[in-house]
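Each protein sequence line maps, in turn, to chains Z and Y. If you count by numbering that gives the first Met the number 0, then the first sequence holds residues 0 to 267, one letter each, in order. If you count by numbering that gives the first Met the number 0, then the second sequence holds residues 0 to 240, one letter each, in order. Positions of the beta carbon are idealized from the N, C-alpha and C atoms, including for glycine. Since the structure is predicted, the reported quantities are computational estimates derived from the model, not experimental observations. Below: one structure, written as structure tokens.
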Amino acid sequence: MPEAPLERASSTRQIVEIVAAVVLLTIFLGASAWRQSDGLSSGTLAGTAEALGIIIAAGLTLIMYSFLYRDNPFFKAVENLYVGVGLGYGAVMTWHQALKPEVVEPIILAPSFGALGSALIVRGVPILLGFMLLTRISRKYSWPSRYSYAIMIGWYAGMGIPITIHTFILEQVNAAINPLFAPGASPLATFLSINTQIIVLVGTVSVLYYFFFSLEHKGAGKVVSRVGIIFLMVSFGASYGYTVMARISLLIGRVDFLLYDWLQRPRP
Amino acid sequence: MWYKRYLPLVLVFLIGLLGFLTQYIPHWGSEEVVSYMARSLLIIVAFAMFIGAYSLLHMHLTRIRRQQAGWAYSLLVFVGATVMIAAGLYNEGTGPMPPLAPRGINTWLYDHVQVPCSATMFSILAFFIASAAYRTFRAKNLNALLLLIAAVIVMFGQVTISERFVNWGLYVANLFPPLHDFIVDGLGVTDTIFRKLAHFVMAAPNMAAKRGIMLGIALGAISQSLRILFGIERSYMGGGD
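Below is the structure:
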């Protein structure tokens, strides 16, 4: 799909934006040179590399935040660079964690024919399936990749059934029907525990009923379904709040980096 | 052709049956099978990386070749990937075979390009979520009100400023001592009330709804797995003959 062209700005706005970009770049370079001067002029490769790394990271961070103003060429450039670096990192990790120890070292660099034979017995089939997987790239000759997908998907589907039943059904049902009274607990703790248990049980059943579409929700069923919606709304709100706080936490991390690592402000 | 269309379906069923049985047979043999399959799938999935890389690079190469809008940005995808892979292969002059150098160019690029970009990209969502919240959380009806209250409680429960808000509220309530006594002694409100409420919301109503959803997802996943094993679901086979 072709990339959406950037929004056209009026000529006056374009001039203002170019001037603002130049001013901001000057401020950024000036602040970087000033605050990272110790590292840059440390004379050691490690110190210079670290300072340079902080400046680059700060620049990339600020360019990415420029998207909050509007989509711009700098953001697009960094976005694509990020994708490329991510791909490269993934490739390097795949090499070091899977291809090198499992394919190259035991097969290609096998110390003896005996070692090669035993490596081929253990790894021959998966390596062959790996190469067959690559045929998915071809439109005409992609059928061998079906065997690789069949083994991957079949294994996970078959093994996943008992695991799903145990983890997501039995364990959840077990947790939902705990005893109301815990021996030795204080009256207040028992009261709170009973309330929580009942709320969880009522909520679980009503939410399940809400998603049960084989029966028309009317009469008493409508009430249960309505209770289910209430629980779902509270849960969505809680999840939303939790997600917001996670993102805010990341934002704090970036601001922390800009203030204390890039600008070298003293920590309070 | 039977080996193109039907043999993969037979293979799915047999391998799936094997995976299913290993979970019910407590024997060293089934543990060996699970271990062998884990190692084999690691190797197969490693090859899948090439397909992903090919797909991404092919898309950007097409964009460059056709000089579509924004094609110059696509060059940066190649620049980023090439530099990162070259740094990994160089590996501080030791080549690709020794373990990755802990303080090499690859790690440097990861620490100063990949990590900041990733964290910033996700933190930008904080702004968009806040703007979406403004539109979503207007209490137009009971459902929206419940959503708003739950979100506010959970958010306030995680920040210390909520304790300051409660203290300010108690300070104002102290202007009317009976009201203050009722709130503090009668209702048991302390400055950690939001933290406790957030814990309750997460542990009771949220857990109840999540559990209901999880049970539904589990039933769906099992039925989907059975559809795959019995050859009803075949989308993984792709197109063609």
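7 Å Cβ cutoff, residue i in contact with chain Z
| i | result |
| --- | --- |
| Y:Y189 | For clarity, residue 189 of chain Y is Thr in the given sequence; the question names Tyr instead. Cβ-Cβ to chain Z under 7 Å: no for Y:T189. |
| Y:T159 | no |
| Y:P176 | no |
| Y:T119 | yes |
| Y:A37 | no |
| Y:G211 | yes |
| Y:S122 | yes |
| Y:F19 | yes |
| Y:W107 | yes |
| Y:Y89 | no |
| Y:V32 | no |
| Y:F47 | For the record, residue 47 of chain Y in the displayed sequence is Ala; it is not Phe. Y:A47 counts as touching chain Z. |
| Y:Q66 | no |
| Y:V255 | Residue 255 of chain Y lies beyond the residue range present for chain Y, which begins at 0 and ends at 240; the question has no answer from this structure. |
| Y:F126 | yes |
| Y:G219 | no |
| Y:Y133 | no |
| Y:H111 | yes |
| Y:G215 | yes |
| Y:P25 | no |
Any chain Y beta carbon closer than 7 Å to residue i
| i | result |
| --- | --- |
| Z:P125 | yes |
| Z:N79 | yes |
| Z:P161 | yes |
| Z:V243 | yes |
| Z:T47 | no |
| Z:G116 | no |
| Z:W142 | yes |
| Z:L44 | no |
| Z:G236 | yes |
| Z:V223 | no |
| Z:R264 | no |
| Z:G129 | yes |
| Z:S41 | no |
| Z:V15 | no |
| Z:I152 | yes |
| Z:A30 | no |
Three-way DSSP call (helix, strand, coil) for residue i in this model
| i | result |
| --- | --- |
| Z:E170 | helix |
| Y:A100 | coil |
| Y:T93 | coil |
| Y:R4 | helix |
| Z:Q263 | coil |
| Y:W70 | helix |
| Z:A45 | helix |
| Z:Q35 | coil |
| Z:M0 | With a pLDDT of 49 at Z:M0, under the threshold of 50, the modelled position of this residue cannot be trusted; read the value that follows with caution. Coil. |
| Y:L10 | helix |
| Y:R134 | helix |
| Y:V158 | coil |
| Y:K195 | helix |
| Y:H26 | coil |
| Y:I231 | coil |
| Z:R69 | coil |
| Z:K99 | helix |
| Z:S271 | Past the boundaries of the shown model lies residue 271 of chain Z; chain Z is included only from 0 to 267, so the question cannot be answered. |
| Y:T189 | coil |
| Y:N140 | coil |
| Z:S9 | coil |
| Z:N194 | helix |
| Y:N105 | helix |
| Z:S213 | coil |
| Y:N173 | coil |
| Z:G29 | helix |
| Y:G15 | helix |
| Z:G52 | helix |
| Y:G241 | Outside the displayed span of chain Y (0 to 240) sits residue 241 of chain Y, for which this structure offers no information. |
Residue range of the alpha helix (DSSP H) that includes residue i
| i | result |
| --- | --- |
| Y:A220 | 204 to 228 |
| Z:M92 | 72 to 93 |
| Y:D184 | Segment: none, Y:D184 is in no alpha helix (DSSP H) and carries neither H nor E. |
| Y:H179 | 176 to 180 |
Cβ-heavy atom distance, residue i to the ligand HEM, below 6 Å
| i | result |
| --- | --- |
| Z:H216 | Only the bare structure without any ligand can be found here, which leaves the ligand HEM out of the picture. |
_At 4 residues or longer, what runs of the alpha helix (DSSP H) sit wholly inside the region 34 to 90 of chain Y?_
List check, alpha helix (DSSP H) in window: 70 to 89.
*Uninterrupted alpha helix (DSSP H) stretches inside the region 101 to 189 of chain Z (no shorter than 4 residues)*: Counting whole runs of 4 or more residues, the region 101 to 189 of chain Z contains the alpha helix (DSSP H) stretches 112 to 132, 144 to 163, 170 to 175.
*Minimum length 4: unbroken alpha helix (DSSP H) runs contained in the region 216 to 259 of chain Z*: With a minimum length of 4 residues, the unbroken runs of alpha helix (DSSP H) contained wholly in the region 216 to 259 of chain Z fall at 219 to 255.
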